[in-house]
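A short write-up of the structure that comes next.
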Amino acid sequence: MSETTLSKAPMKKLKVVGISGGLNLRRRLEFMGINIGSVIEKQFSYGNGPVVVKVMNSTLAIGRGMAEKIIVEEEG
Amino acid sequence: MKIVLCGNPNVGKSVVFSYLTGYSAISSNYPGTTVELLKGRAKISSYEFEIIDLPGTYSIAGENKAEKVAKEIIEKGDYDLIIDVVDANNLERNLLFALELISLRRPLILLLNKCDIAKEKGVNIDFEKLEHFLGVRVIPVVATVGIGFNLLEREISRFIEDKTKYISNLSIGGEIGEKWKLIGEIISKVQKIEHKHPGFMERLEIITTTPSTAIPFGIFIMILSFYIIRFIGEGLINKIFDPLFNNFYMRVIEKLDPIIKYDILKFILFGKNPAPMEGFGVLTTGVYIPFVVVLPYIFSFYLVLSILEDIGYLPRLSVVLDRLSHKIGLHGYSTIPLIMGLGCKVPGIFSLRILETDREKLIAASLMFLIAPCMPQTAMIFSILKDWPLIYTIIVFGYIFMVGLIASFFLNKIMKGSSSDLFIEIPPYHKPLFKNLIFKLKLRIKDFIYDAVGMIILGIFLINIIDILGFMEKISSFFAPFFNKVLSLPSQIAIVMTTGFLRKDVSISMLIPFKLSLKEIMVSSFFLVSYLPCLSSMLVLSRELGKKMAAYVIIFNFMVSLIFAYIFSIILSIIL
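Residue numbers (our numbering), protein chains in the order written: chain A, 15 to 90; chain B, 126 to 701.
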């Protein structure tokens with residue numbers, strides 16, 4: 015399936031295929047388990063606001079700007 | 126010997142620290158409660174230890190302030206043992222930091238905390254296998270009730286006998302991707318998750334995070350909290366504290382009165398007249414304000430706040446408020462200092478540390494002082510307006526709130542840069558522990574009594590001295606034209622405004638003897654709340670943000686306060 019950003023992706027299990035930000039952003043995401051290849055589940059999206067994702071066993075709220083930099087595709 | 130306590134945010138390090146040292150550290154259910162280093166001493170199986178509690182970090186390679194502090198201490202290496210506190214509900218994510226620590230080849234013990242909640246949720250961890258894979262000792266504990274600490278103590282005495290056994294030789298790749306891969310392999314072998322039917326907490330979770338229900342729920346919680354705080358506060362005042370003061374305390378004071386012969390001393394101690402809010406005696410008003418008017422509200426506010434904190438609602442509220450926060454240059458998590466500031470601005474200023482950029486700190490600091498008064502001032506405004514219908518109290522608070530929003534909206538427009546993004550972990554809901562609630566409540570009430578009561582009494586004492594020396598009129602006549610012409614307030618209240626920043630609750634009570642009209646009370650309350658931060662918060666503000674930034678906040682807020690007090694006065698003369 016086609017790639018999209020986390021902000022636009024459907025509320026499903028998603029695979030991270032790219033992070034289009036600087037090293038700093040990439041690191042912050044990686045520490046929380048959002049790195050290329052990891053599977054995350056988008057749970058909620060607040061309009062133009064943050065998205066809530068499940069990563070491993072934890073729930074993260076990610077601001078819109080950051081969510082636009084995370085490239086995902088639908089998992090299997 | 127020295128032990129470093131570290132781990133991811135919100136794993137319960139502060140609880141472990143309090144347990145080991147007996148030192149009181151505040152713990153809540155959201156990341157970042159500990160923003161500075163805590164040090165304490167502990168005696169474990171007849172050995173003395175110095176224990177350092179680091180702020181929570183996801184990685185030692187991180188870039189934010191807390192992470193840099195943790196990194197510096199961990200890499201400096203002048204300690205004997207690291208205890209890594211790991212959340213059993215979140216083992217996988219927590220293991221990244223654990224692997225980083227293992228790579229340091231320093232003595233290490235893993236404390237697997239919150240095992241009770243993990244079990245309830247169906248998370249089963251094979252501790253022995255985990256020990257085997259990592260090559261370090263893993264001790265399961267439930268820190269909140271102290272289960273497992275005997276095992277930790279036994280382990281520490283073993284450690285003293287042979288330190289080398291506590292250094293793992295697990296080989297770990299340097300790349301973060303390799304680490305996650307290794308973690309994935311370990312997790313697949315040590316952790317099993319059984320599916321459980323969603324309980325009450327899980328359903329609450331869904332209601333409070335699904336956007337369509339989360340926003341109404343958030344509004345509902347805020348309104349409900351307001352009413353509960355007011356209900357408990359007013360109840361305590363009218364049913365307990367005020368009767369106690371009048372029927373017991375004042376009887377004693379009346380007996381004291383004839384004993385004292387000096388008129389000046391009488392004036393200072395018992396005030397101009399016996400009415401507790403008008404006389405301004407050190408022993409009458411000086412006791413009535415802190416203990417009868419303010420303390421009940423301090424109690425009810427911190428009771429409600431502590432429950433919301435411990436359940437874990439605040440991070441959810443910050444998600445709900447994220448979009449709104451961006452309009453004023455902040456992100457959702459900056460609502461945490463604002464909420465702290467509703468109690469007292471001083472802890473609010475400390476919690477500004479959870480914000481990353483100076484721009485956000487400046488806007489949040491300014492907003493914190495403008496958006497709502499602290500609890501002592503709130504209680505005083507409730508008290509001073511209690512003879513009028515509640516709507517006027519609501520108008521005052523509504524106007525203060527609106528001015529805060531307008532000011533920070535404007536600040537966001539004129540300052541360079543933009544708001545950064547929300548990026549937080551939302552902890553699962555916990556049942557609040559009665560023990561922790563009582564502990565926090567006691568700590569916060571103690572803070573109020575130690576810091577505020579003395580200041581209130583001192584403030585009233587100084588006002589009496591100024592009055593006796595006849596400075597009141599001089600100060601009043603100097604500032605009078607301004608208050609008279611600009612804010613249409615009687616010139617005598619200039620004295621309240623000029624000394625008001627020393628202690629704001631006292632200054633609001635000083636308005637009472639002037640028998641002001643409703644409009645005058647409303648305008649003066651607004652102005653007193655916003656024109657300057659109180660003395661203690663000014664000092665803390667300049668220490669936390671630096672003199673220059675503190676000065677910006679203070680000057681900006683002063684101008685906003687002047688302009689909007691003028692507007693308020695005009696609006697009120699039209700509608701009242």
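Ideal Cβ positions, reconstructed from N, Cα and C, are used throughout, including at glycine. As the structure is a prediction and not an experimental result, all values here were calculated from the model.
Given a cut-off of 7 angstroms on the beta-carbon distance, is the pair residue i and residue j in contact?
{"i": "V665(B)", "j": "V471(B)", "result": "yes"}
{"i": "G454(B)", "j": "D447(B)", "result": "no"}
{"i": "I76(A)", "j": "G32(A)", "result": "no"}
{"i": "S650(B)", "j": "V444(B)", "result": "no"}
{"i": "A619(B)", "j": "F608(B)", "result": "yes"}
{"i": "A614(B)", "j": "E645(B)", "result": "Correcting the residue identity first, residue 614(B) is Leu in this sequence and not Ala. Their beta carbons are under 7 angstroms apart, which means L614(B) touches E645(B) by this criterion."}
{"i": "T410(B)", "j": "P399(B)", "result": "no"}
{"i": "T182(B)", "j": "E192(B)", "result": "yes"}
{"i": "V429(B)", "j": "I353(B)", "result": "yes"}
{"i": "I264(B)", "j": "I208(B)", "result": "no"}
{"i": "F693(B)", "j": "Y524(B)", "result": "yes"}
{"i": "L477(B)", "j": "P462(B)", "result": "yes"}
{"i": "S34(A)", "j": "K83(A)", "result": "yes"}
{"i": "P336(B)", "j": "Y291(B)", "result": "no"}
{"i": "L495(B)", "j": "S661(B)", "result": "no"}
{"i": "E669(B)", "j": "I474(B)", "result": "yes"}
{"i": "S459(B)", "j": "A489(B)", "result": "yes"}
CA-CA distance, residue i and residue j?
{"i": "V30(A)", "j": "A81(A)", "result": "11 angstroms"}
{"i": "L314(B)", "j": "T269(B)", "result": "It is worth fixing the name first, because residue 314(B) is Lys in this sequence and not Leu. Computed Cα separation, rounded: 28 angstroms."}
{"i": "S544(B)", "j": "H451(B)", "result": "6 angstroms"}
{"i": "L162(B)", "j": "K239(B)", "result": "23 angstroms"}
{"i": "G358(B)", "j": "D367(B)", "result": "12 angstroms"}
{"i": "I199(B)", "j": "F603(B)", "result": "58 angstroms"}
{"i": "F45(A)", "j": "I54(A)", "result": "14 angstroms"}
{"i": "P658(B)", "j": "F416(B)", "result": "22 angstroms"}
{"i": "I272(B)", "j": "V266(B)", "result": "5 angstroms"}
{"i": "M663(B)", "j": "D546(B)", "result": "29 angstroms"}
{"i": "G509(B)", "j": "H555(B)", "result": "Residue 509(B) is actually Ile in this sequence, not Gly. Cα to Cα, the separation comes out at about 39 angstroms."}
{"i": "V211(B)", "j": "I340(B)", "result": "32 angstroms"}
{"i": "N214(B)", "j": "I551(B)", "result": "13 angstroms"}
{"i": "V648(B)", "j": "K629(B)", "result": "15 angstroms"}
{"i": "V261(B)", "j": "M326(B)", "result": "34 angstroms"}
{"i": "F222(B)", "j": "F373(B)", "result": "59 angstroms"}
{"i": "V136(B)", "j": "S143(B)", "result": "14 angstroms"}
{"i": "A676(B)", "j": "E245(B)", "result": "51 angstroms"}
Quick check on the DSSP output: the alpha helix (DSSP H) that includes residue i runs from which residue to which?
{"i": "K452(B)", "result": "D447 to K452"}
{"i": "V703(B)", "result": "The question about residue 703(B) has no answer here: the residues shown for chain B are numbered 126 through 701."}
{"i": "V67(A)", "result": "Where V67(A) is concerned, there is no enclosing alpha helix (DSSP H), although the beta strand (DSSP E) it sits in stretches over V65 to V69."}
{"i": "L130(B)", "result": "Run containing L130(B): none in the alpha helix (DSSP H); it sits in the beta strand (DSSP E), K127 to G132."}
{"i": "P336(B)", "result": "P336 to G360"}
{"i": "T518(B)", "result": "L515 to I539"}
{"i": "S642(B)", "result": "From DSSP, S642(B) is part of no alpha helix (DSSP H); its letter is neither H nor E."}
{"i": "L145(B)", "result": "K138 to T146"}
{"i": "G579(B)", "result": "G579 to I593"}
{"i": "S459(B)", "result": "No alpha helix (DSSP H) holds S459(B); DSSP gives it neither H nor E."}
{"i": "N38(A)", "result": "L37 to F45"}
Along the beta strand (DSSP E) that carries residue i, what are the first and last residues, could you check?
{"i": "F373(B)", "result": "That residue, F373(B), is in no beta strand (DSSP E); it is neither H nor E in DSSP."}
{"i": "F548(B)", "result": "F548 to I551"}
{"i": "L229(B)", "result": "No beta strand (DSSP E) contains L229(B), which DSSP labels as neither H nor E."}
{"i": "K56(A)", "result": "V53 to S59"}
{"i": "G32(A)", "result": "K27 to I33"}
{"i": "K511(B)", "result": "Here K511(B) belongs to no beta strand (DSSP E), and DSSP marks it neither H nor E."}
In the DSSP output, which residue or residues are listed as bridge partners for residue i?
{"i": "N238(B)", "result": "D212(B)"}
{"i": "Y427(B)", "result": "Note: Y427(B) sits in no beta bridge, so no partner."}
{"i": "I496(B)", "result": "BP columns for I496(B) are empty, so no partner."}
{"i": "F174(B)", "result": "A167(B)"}
{"i": "P265(B)", "result": "L237(B)"}
{"i": "T18(A)", "result": "V86(A)"}
{"i": "Q316(B)", "result": "I250(B)"}
{"i": "A489(B)", "result": "Paired residues: none, contrary to the question."}
{"i": "L74(A)", "result": "V67(A) and E550(B)"}
Do residue i and the ligand FAD come close, with the Cβ less than 6 angstroms from some heavy atom?
{"i": "G529(B)", "result": "In the structure on display, the ligand FAD does not appear, and there are no ligands present to speak of."}
Using a Cβ-Cβ cutoff of 7 angstroms, what residues of the stretch 195-229 of chain B are near chain A? List them in chain order.
N214, N215, E217, R218 and L221
(message) To be precise: take each residue of the stretch 263-293 of chain B, compare its Cβ to all Cβ atoms of chain A, and keep it if any distance is under 7 angstroms. Which residues remain?
(response) none
_Proximal residues, the stretch 60-80 of chain A versus chain B, C-beta separation under 8 angstroms_ = Y60, G61, N62, G63, P64, V66, V69, M70, N71, S72, T73, L74, A75, I76, G77, R78, G79 and M80
Residues within the stretch 44-58 of chain A neighbouring chain B, beta-carbon criterion of under 9 angstroms:
E44, F45, M46, G47, N49, I50, G51, S52, Q57 and F58
inquiry  = By the 7 angstroms beta-carbon criterion, what residues does the stretch 304-336 of chain B contribute toward chain A?
reply    = W305, T334, T335 and P336
What are the residues in the stretch 168-182 of chain B lying within 8 angstroms of chain A by C-beta distance?
none
*Between the stretch 542-560 of chain B and chain A, which residues of the former have CB atoms less than 7 angstroms from a CB of the latter, in chain order?*
D546, L547, F548, I549, E550 and I551
Residues of the stretch 454-480 of chain B in Cβ contact with chain A at a cutoff of 8 angstroms, in chain order, please.
H456 and G457
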